[in-house]
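Here's the structure, in structure tokens; my notes come after.
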Amino acid sequence: MSTTFAPRFPRGGRRPDRPAWMERPSPAGQALKLIVILAMIVAVGYPFLLAIGTSLSTKAELAANGGYVLFPQHPTLEAYRVVLAGGVVTRAALVSVGVTVIGTALSLLCTVCLAYGLSRPKTFGGKPLLLVVVGTFLFTPGVIPSYLVVQELGLIDSYGAMILPIMLNAFNVIVVRAFFQGIPDELHEAARLDGAGELTIMCRIVLPLSKAVIAVVGMFYAVTYWNSFFNAMLYINDSNKLPLQVILRSYVIQGDTFNAKALGVSVLPATTALSMAVLILAVLPIVAVYPFLQKYFVKGVLTGAVKA
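Now the structure itself:
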């Protein structure tokens, strides 16, 4: 005896229990998606490859190709050697690395401690403090009040002026707090029965279970510190304390000419090659770190943001 199964849904039709955006796209839709993705890859990748190719080109190649080269025939690292020879760019890069490392560590410490305190139901003053944190979304200080506060604290011309004003981000605190609240209370109760205090619970139970959100929030802070240039422009007058982004802005955007003495060399490569080398050095650290943390993005940010 043969049995004939009738299709539950008409061919090419949409399942009634699914919204339209969850259905598999048609061949035309897939082709359109592929075209859009390829266009985005070209739009992002072409300028990046052009900057790399130009930074690796010789002065003769740049002159022969109008100033920019996509694929140099005789690649050289001369521009990078000059930029990293110990001059102003090298010093600025070290400042950026120091500010990023120290700032990210301090920001993570403050964010984790504050978020853990706000995530516990019986924290003294937790609700008023949470309202203060959320209130910073609505009431952001202006440039002049911020400058006056930094000036009164005696932070002008100090590295602290590039760290303290952006050390704590309210959005990151809310995301980490929501992630902490998702950890079962049974784990807290079991740890307390074993005699553990709040600090022990946070360090030995909560933090090992929260590696994803801490990695992503740390990435957010690191990118913020690495790309930050406005605070340096506002609060730093000593040129020896300027970060790499300000130097990049001076040489690439404002068109300042490179000085051989400031770069610590006697002969300069082409100006365009030097500019692109500084640009690549400013972008490369974040591009290199991002793939290692990308796997935590969905688990870390999406989970915390949805629960928030």
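For the sequence shown, full-length UniProt numbering assigns the number 1 to the initial residue and increments by one for each residue that follows. Backbone N, C-alpha and C fix where the C-beta goes; we use that ideal spot for every residue, glycine too.
Distances from the alpha-carbon of V217 to those of N65, S107 and T100 put S107 closest.
In this structure, the CA atom of F258 is about 31 Å from the CA atom of Y147. In this structure T100 is buried. Its beta-carbon is surrounded by 16 or more other beta-carbon atoms within 10 angstroms. In chain order, L56 place their CB closer than 6 Å to the CB of P75, counting only its own chain and leaving out the 5 sequence neighbours on each side. Per DSSP, T76 lies in no alpha helix (DSSP H) segment and is marked neither H nor E. Around A161, the same chain offers V150, L155, N231, Y235 and I236 as residues with beta carbons nearer than 7 Å, after the five sequence neighbours per side are excluded. The three-state secondary structure of T140, taken from DSSP, is coil. Exclusion of the five residues before and after F220 leaves N169 and N172 as the residues of its chain whose Cβ lies within less than 8 Å of its Cβ.
Shown here for L129: same chain residues with a beta carbon closer than 7 Å to its own, the five before and five after excluded, namely L118 in chain order. Per DSSP, reduced to three states, the secondary structure at A170 is helical. The beta-carbon separation of L263 and G87, rounded to 4 Å, stays under the 8 Å limit for a contact. Secondary structure of A191 (DSSP, three-state): helix.
The DSSP-derived three-state label of R24 is coil.
Three or more beta-carbon pairs drawn from the region 272 to 290 and the region 51 to 66 are found closer than 8 Å, and the two stretches are therefore classed as touching.
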